[in-house]
Amino acid sequence: MKYITLGFFALMLNMGFSQGFIWITNDTIETNLDPNTTVQLRMDQMALPNDTVTLGIEVIYNDLPASWDGMFCVYGSCFGSIHPVGFTGQMMPIYDSLVGYIRLTVYPMGGTEMAKLQMKVFDVDNPA
């Protein structure tokens, strides 16, 4: 059985002190997928103590084959498909013990290609 390597990356730019969130799980997932199985890949974020943050996302690289099925969701919203480079979206605000997330659901539909999806995650009030 062939496996697909899919890298789902969320890149944090602005590593300075003004950043209002931390990664709970890793900020990178690389995995081999069974070409005939649906998989969910999730990365979690949390606001800094005593802070509220609204996170935005931007697709900055996407070479997933058009034949693959899938979508990505963030805390508070699902976007219904895997969007092309340039797509932006926004999570609901996270604070206290609420956990924000990015979740990629992907089904390779039998495909055996290698693929990568990269997303930037940023504080919408401080996108620099």
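Final position of the sequence shown in the numbering used here is 159; the numbers increase by one with none missing.
Backbone N, C-alpha and C fix where the C-beta goes; we use that ideal spot for every residue, glycine too.
Remember, predicted model here, so these are calculated numbers, not experimental data.
Boundaries for D82: no beta strand (DSSP E) harbours it, and the DSSP string shows neither H nor E there. Residue environment analysis places A78 among the buried positions, since at least 16 neighbouring C-beta atoms fall within 10 angstroms of its C-beta. Contact annotation: the region 115 to 128 touches the region 84 to 102, with at least three C-beta pairs closer than 8 angstroms. By the CB criterion at 8 angstroms, D75 and G131 fall inside the cutoff.
In this structure, L129 and G101 do not form a Cβ contact; the two beta carbons are roughly 25 angstroms apart against a cut-off of 8 angstroms. Here DSSP, grouped into helix, strand and coil, assigns N63 to strand.
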